[in-house]
Amino acid sequence: MRKILRGLVVLFLLFFVSPSFVRADETSETTGGSTETPQQVLEIAPRAISGGSGKANDPYLVSTITDLKSALGQSIPSGETALYIKLTGDILYSYSDRTISINKNTVLDGDGHYILYSGTNYDGDHFITGANNLAITFKNIKYGNVTYPNSNWYGILHVVNTNTNFVVENIDYNIQKGGQPFYANTNVNTLTFKGKNNFKAGTSNGGYDGEFAQGFTSINFAEDSQTTIYHDAYNELAFLYAGGSQTVTVGKNAIVDITTNKPYLSYDGNFTLKVLEKGQFKYKAISGNNSSTTSKAVLFKALGTITMEFAKDAIGRFTTEKDGFSGESPTINATSPNYILFDSPSGKSALNGATLKFSRKDTDGYAYPIKYFSSGFKELSPNVTGNKNVVASDISNGESVVYARAPKITGMSADPMVGTDLSQIRVQINQWTPENLVNISKVSYKLGTKRLYSGTDITAAAAQTSITNAFPSQGLWAQKDIWATNNIATDSIYQFENLSAQTYYLYTKLEGACVPGYTLSSLWIEQIVEVPSYIEVTLPDVLEFRTPKAGEIVKEQHLTNYSAINHGNVPVNLALKTLTIKSNSSPVVSLVSNCQGKKQVHLKLVAEHPSGNDNRILDPLLAGTITGQPIALTPYWDNDREATLYLKGEHSVSVLDGGPHQINYNLAFSISQAS
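All the letters of the sequence shown, read from the start, carry residue numbers -24 to -1, 1 to 651 under mature numbering (1 follows the signal peptide of the UniProt record, and there is no 0).
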């Protein structure tokens, strides 16, 4: 077979944008009858320490409370900025050991050992600061075990001075009575969490406890730290109490997970929560086993304002198993967070008086919808672009509401491919955010022969709706939904087949469960794809027939079936242009338009389509230029992509004229794309 091939080069376009205080906040009653011993700071006379020199690379080694007291009484070694102490065994101390002063910069490394309290009085100071402007670190220490499960109301270190930076790192705290880990008398102090910490306070045997942390101006959860807090305590009403303004900062990649029975997140003063890049702050309000009130209310604040700031990729989740959130309404400044979720798994409304004051601060090109659940998932706003207040009635008293960054397709390929019996666009999502989008995800494609929306802004709500609701009469050529169950990049591959050469408009959307309980979808994105023309037609090398005697020439006399076949993606016209007589053709036989004498041949070319439509007869075939209607062939995927070719007519060559006679003619065709 002879192939006639013509290819066109096309351009592929791709479009894709304060005062001091001694007690806590609301109540001051304890659940027992013991009386607090008046505060007394013990002066510890230094004694020789058998192990170490108190330096960072050679800490004092202690294994008893007596050794620890003595080590704390040593001076900071020359060349060091702090006194370093390491435990070599568990430390057990009694009520008589209380009021142990730390009056210099100190690093106490428990090396995985316990500091345990054996007493039954829970109001007195155990460890206490003895000077201003100190940097104190407790790390790798465990508090509370089965035998000694209790501690004291004033925390693992009672901060009674100002400008103290108290750092805790890798602390495991599991206390029943006296379960308030942190207590400061003044509000000009900083509490910092590093490493991996776990705090559990309060059981059915709890008491003599209060807030989780009291009196710190700043509470910082350091970069990459992980802190889990379960605080089910009897006394006081708030999880945090400052006595003034307070800022809680969750560092980059830090995770804070809080569960508490307290009605208030924070009690007094202006409260600011800052969650930095990729940080997570999770807060869960429960009824618990211990409570100073039977109220089911959950309030962000009792007094003062509350401001929340969520940075890039940050997560905030506020869950209530009691009533919906009420109290002071939070201003929520959002700068490209992952999501901020308020929910109530109890089936009650997530909001009960509080107004969520969202304020979008970024222009990152992502959509940030507000969605909610109330007898099904619904959308309050498809994309917040400025300020948006949300109250319970806005979400039909729904069980949850979320401000979230919708998924976004950030890398997309749409490649046209043409060839023999091939004309397609291969589509694939290559990149997306969030990168950890959980399976199962849904990929939706729509292919149009014209733009499926009006206007110039595809991100506009009207444009997105128009694409979603497009019909074939509006230019929709094909659509496909794919479920990505393994990997979005590989599962999203799809080919739109049998495409005519023209401009196409591809629309793609990605849906996934990137927020607990919610499925969010990206905006439709648009790509313009040009499928180039491809022309390839195969013709038979010969049209050969044999006739033994004068008379009619018919199809059945041909030696085989002959066809012209279109393998391209455009309709073509096959035009017979010329006929020439070859040199080996019998000279005694004449090619004529009508047989009227001997030794003459009248030929016509017939082209028949499978459908029987648009057949052609080129008559007569004479030497020289030939005019007539071309043979039409449709693209390769259509039935009339081919036409059967044969010769018919009559001849007047008889056996009496000698022979056999052979006639050979050359037919020249032109192939062009049909308009």
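Every residue gets a Cβ at the ideal spot worked out from N, C-alpha and C, and that includes glycine.
Inter-residue Cα distance where the pair is TYR429 and THR386: 21 Å
In DSSP terms, what HIS134 is bridged to: ILE104, TYR159
Residues near residue 730 by beta carbon distance below 6 Å, same chain, minus five either side: Residue 730 cannot be examined here, being either before or after the span of the chain that is shown, -24 to 651.
The region 272 to 288 in contact with the region 297 to 308 per 3-pair CB rule at 8 Å: yes
Span of the beta strand (DSSP E) around LYS254: Note, LYS254: premise wrong, no beta strand (DSSP E); not H, not E.
Close beta carbons around VAL548, own chain, < 7 Å, minus the five adjacent residues each side: ILE511, VAL513, ASN542, LEU609, ILE647, SER648, GLN649, ALA650
Range of the contiguous beta strand (DSSP E) that encloses ALA465: Element bounds for ALA465: not the beta strand (DSSP E) but the alpha helix (DSSP H), 464 to 467.
Coil, strand or helix - GLY9 by DSSP: In this prediction, GLY9 has a pLDDT of 35, which is less than 50 and means its spatial position is unreliable; nothing more can be read from the coordinates.
8 Å Cβ cutoff met for LYS115 and GLU145: yes
Nearest to GLY451 (by Cα), restricted to the options TRP129, ALA390, LEU423, GLY183: LEU423
Span separating the alpha-carbon of LYS298 from that of ILE234: 15 Å
Span separating the alpha-carbon of residue 653 from that of PHE169: Missing from the structure shown is residue 653; the chain here goes from -24 to 651 and no further.
Cβ-based burial, GLU528 [other Cβ within 10 Å; buried from 16]: exposed
Per DSSP, the bridge partner or partners of LEU597: DSSP output for LEU597 lists no bridge partner at all.
Beta-ladder partner(s) of ILE557, from DSSP: TYR641
Counted within 10 angstroms of its Cβ, other Cβ atoms place GLU187 as buried (16 or more) or exposed: buried
Run of the alpha helix (DSSP H) containing SER46, from where it starts to where it stops: 41 to 48
Burial state of ARG522, where buried means 16 or more other Cβ atoms lie within 10 Å: exposed
Contacting residues, own chain, Cβ-Cβ under 6 Å from VAL224 (five flanking each side not counted): ILE195, LEU249
Assigned exposure category for SER559 - 16 Cβ within 10 Å defines buried: exposed
DSSP bridge partner residues for THR295 (one or two, in chain order): LYS260, ASP319
Run of the beta strand (DSSP E) containing ALA540, from where it starts to where it stops: 538 to 542
Uninterrupted beta strand (DSSP E) stretches inside the region 600 to 636 (no shorter than 3 residues): 607 to 609, 618 to 627
Cβ-Cβ separation, ILE112 to THR82 (assumed contact under 8 Å), whole Å: 5 Å
Spatially closest choice to THR479 from SER561, GLY120, ILE262, SER399, by CA coordinates: SER399
Cβ separation of TYR259 and LEU241, assumed to be a contact under 8 Å, to the nearest whole Å: 6 Å
Selection from SER509, ILE262, ASP244 that minimises the alpha carbon distance to THR281: ASP244
Residues bridged to VAL530 (per DSSP): In DSSP, VAL530 forms no bridge with anything.
Span separating the alpha-carbon of SER54 from that of VAL38: 21 Å
Beta bridge counterpart(s) of ASN150 as assigned by DSSP: LYS176
Selection from ASP43, HIS134, LEU92, SER569 that minimises the alpha carbon distance to GLY600: SER569
Span separating the alpha-carbon of ASP208 from that of HIS134: 21 Å
The region 388 to 399 touching the region 356 to 364, judged by at least three CB pairs closer than 8 Å: no
Distance between SER587 and GLY573 (C-alpha atoms, nearest Å): 38 Å
Buried/exposed call for ASP185, threshold 16 Cβ in 10 Å: buried
Option nearest THR461 by Cα separation, candidates TYR483, VAL226, ILE416, SER562: ILE416
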